[in-house]
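Working notes for the structure below.
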Amino acid sequence: MGWLDRVEDQVDALTQARALQEASRSAEGYAVLERVLRTTTDPRTRADALVQRLSALINLGRTAEFTRAIEEASAAVRDLAEPYLHGHLNALAALAAHHQGALDRCVTHLVRAARALGAVEEPDRDTAWGWHDLAMAYSYLSFHGYALGAIERARQLGLAAGIPEETFAAPGIRLRNAVALDHNGDSDGCLRVLRDVAADLGRFLRSGRAGQLRPSSLAAYGYAAARRAALGDEIEPGSDTDPARLLAHGGDSARARDMRDLGQVCLAIAAGRPIEAVTRLDSVHVSNETLGAAEPARLRSIALARAGDHAAAHRVDRLAFRLAAQRNDRLRDVYIDGIAARIDHEEMRREAARYEGEALTDPLTGLPNRRRLERYIAAVVSRGERVVIGVCDLDGFKAVNTRHGHHSGDLVLQRIAGVINRVMRRGDFVARYGGDEFVVVLPDAGMAEAAEVARRIGAAVAGEDWEALVPGTPVGVSIGFAEVAGTGSALRDALSTAFEVADREMLRAKSRPRAS
């Protein structure tokens, strides 16, 4: 017996509101739910209508009304022993908290939603939608692996309940994964994911099932295609996969509206009109939560590069990278440092440990990542030690990916990580910063020691047999060093300044002619 089978009043109206929201007609669904709330006295009906109303408000982007809607829905659900309802409410509350920038509440709701939905004894159509909304919340918070797992759970439950597979295609999840890769310097990885998204749409079109796709999904497919075009992929205009046509879908969804605005920027870049793209970016106002705060900056960088202003493009690209990193750091801080204290449950502690593992280690090279790097530097500086940081950027890496493919590129990154580790002094620290950039930290050292470390790294990389691994594409490294000057509350600013100085020194090294 499913959830709605236990509801005794106005089931048809609740079903109609669901169908309207699935069709991206949330304003009409909201009106239906308001009529239900004015006329029902059944507690289950009222609770369902309030949870659905919260969903409609999120879809419409009416952020100012989120808090009251959550309070009213929570009061109605509190006394009902129905795991589905608690799970769906918490999944929606997580989305709302994310859009409000309240990441601590967001993560708390995420955990509660997963526990409640997992406890449903007879999963049905509504439970599938609860998992779908939980997947969306995971995705917006950049927990992409959890998002993919939750949407697969939704798809399986949906198929069992007679919901077509394409209803839960959820291209937006993989789209956010793709742009996050690009924001962190992995444009090739971004393109790989975007091409997979396009292949799924092609499969639905060939099988005649594209008509079952939700309007919001079509808008996400459109942005994925436009973003590919901005990165240089050829997109066939005028076809069923034409991004301009797909971006027109999405109904009254606020997220679809954001993707339409940014999609037009991407299409202007692809059409060779980068100045128009920059002008559009100056005039559009999109939520940071739709595709991340870094997305407008990254698009501006691409447009400026196409316009030939490479210096400005590099500055904006670094801004995009740091916006993405700051957001991830803040989220990890909220989760790891806060959630275990707020929810005293062994399962939550295991979840926190898994997230911490993801947060501190680069999965490809096994090196510490940026978050662990900053923790390490903070600890060293707090002990009063001098610290020098070095930014190492690979030369020739793009050619490796172009000529030999991404698997060979991954092998190069893994070998570089080993080479750098091998020549460091005892007590030095090496991290992968993102893309093909590595950072080394030299505690209790000055610039003279840094110059010697740079010489050793350069010699070791030059002496490696790259010809055997990637024939015809030599690999080198450019390095810049800077001292960290700051403690206490000024440490973050000092780190940012040191990274900027090291970046500039690395770029100077890259521009100097190399001995042949």
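In the working numbering, the protein residues as written are -17 to 498.
C-beta: ideal position from N, C-alpha, C; glycine also.
Query                                                                                                                                                                     : Result
Output yes or no for whether 8 Å exceeds the beta carbon distance between Leu477 and Val466.                                                                              : yes
Leaving out five residues on either side along the sequence, give the residues of the same chain with a beta carbon under 8 Å from the beta carbon of Trp448.             : Val394, Thr455, Pro456 and Val457
Which runs of the beta strand (DSSP E) at least 3 residues long sit entirely within the segment 195 to 276? Give them in chain order.                                     : none
Which value, in whole angstroms, describes the spacing of the CA atoms of Ala129 and Glu356?                                                                              : 27 Å
Should Phe463 and Ala436 be called a contact, given that it needs their Cβ atoms to be closer than 8 Å?                                                                   : yes
DSSP on Pro425, reduced to helix/strand/coil?                                                                                                                             : strand
Taking the CB atoms as reference points, tell me whether Ala110 and Leu139 lie closer together than 8 Å.                                                                  : yes
Check Tyr12 in the structure and name its three-state DSSP category.                                                                                                      : helix
If you run the structure through DSSP and keep just helix, strand and coil, what is Arg407?                                                                               : coil
Confirm, please, whether the CB-CB distance from Ile284 to Ala212 is below 8 Å.                                                                                           : yes
With distances taken Cα to Cα, identify the nearest neighbour of Arg262 among Arg282, His386, Ala181 and Ala252.                                                          : Arg282
Would you check if the segment -14 to -6 and the segment 25 to 32 touch, i.e. whether three or more CB-CB distances between them fall below 8 Å?                          : yes
What whole-angstrom Cβ distance do Leu116 and Leu99 have, given they're in contact under 8 Å?                                                                             : 6 Å
With the cut-off set at 8 Å, would you say Gly171 and Gly416 are in Cβ contact?                                                                                           : no
Whole angstroms are fine: how far does the CA of Leu200 sit from the CA of Arg438?                                                                                        : 52 Å
Between which two residues does the beta strand (DSSP E) containing Asp377 stretch?                                                                                       : Val369 to Asp377
Let me confirm a value: His81 is counted as buried when at least 16 other C-beta atoms fall within 10 Å, else exposed. Which label applies?                               : buried
Ignore the nearest five residues each way along the sequence and tell me which others in Gln499's own chain have a CB closer than 6 Å to its CB.                          : The structure shown does not extend to residue 499, since the chain is modelled only from -17 to 498, so the question has no answer here.
Helix, strand or coil: which one does DSSP assign to Asp170?                                                                                                              : helix
May I ask you to verify whether the segment 83 to 93 touches the segment 118 to 132, counting CB pairs closer than 8 Å and requiring at least 3?                          : yes
Tell me, to the nearest whole angstrom, how far the beta carbon of Asp234 is from that of Val373; I am working on the premise that it is less than 8 Å.                   : Actually they are not in contact, since the Cβ atoms of Asp234 and Val373 sit about 46 Å apart, beyond 8 Å.
Taking 8 Å as the cut-off, decide whether the C-beta atoms of Ala226 and Gly232 are in contact.                                                                           : no
Identify whether Ile155 lies in helix, strand or coil by the three-state DSSP scheme.                                                                                     : helix
So, with DSSP's three-state summary, where would you put Ala484?                                                                                                          : helix
Comparing C-alpha positions only, which one of His165, Thr223, Asp215 and Ala430 sits nearest to Arg185?                                                                  : Thr223
Is the distance from the Cβ of Asp499 to the Cβ of Met241 below 8 Å?                                                                                                      : The structure shown has nothing for residue 499, since the chain only spans -17 to 498.
Under DSSP, the beta strand (DSSP E) around Glu460 begins and ends at which residues?                                                                                     : Residue identity differs from the one stated: residue 460 is Ser in this sequence, not Glu. Where Ser460 is concerned, the enclosing beta strand (DSSP E) stretches over Gly458 to Glu465.
Once DSSP output is grouped into helix, strand and coil, what is the label at Pro495?                                                                                     : coil
Excluding the five sequence neighbours on either side, which residues of its own chain have a C-beta within less than 7 Å of the C-beta of Leu141, listed in chain order? : Glu147
Gly69: which of Ala132, Leu42 and Phe481 sits nearest, CA to CA?                                                                                                          : Ala132
Please list the terminal residues of the continuous alpha helix (DSSP H) segment that includes Ala73.                                                                     : Pro65 to His81
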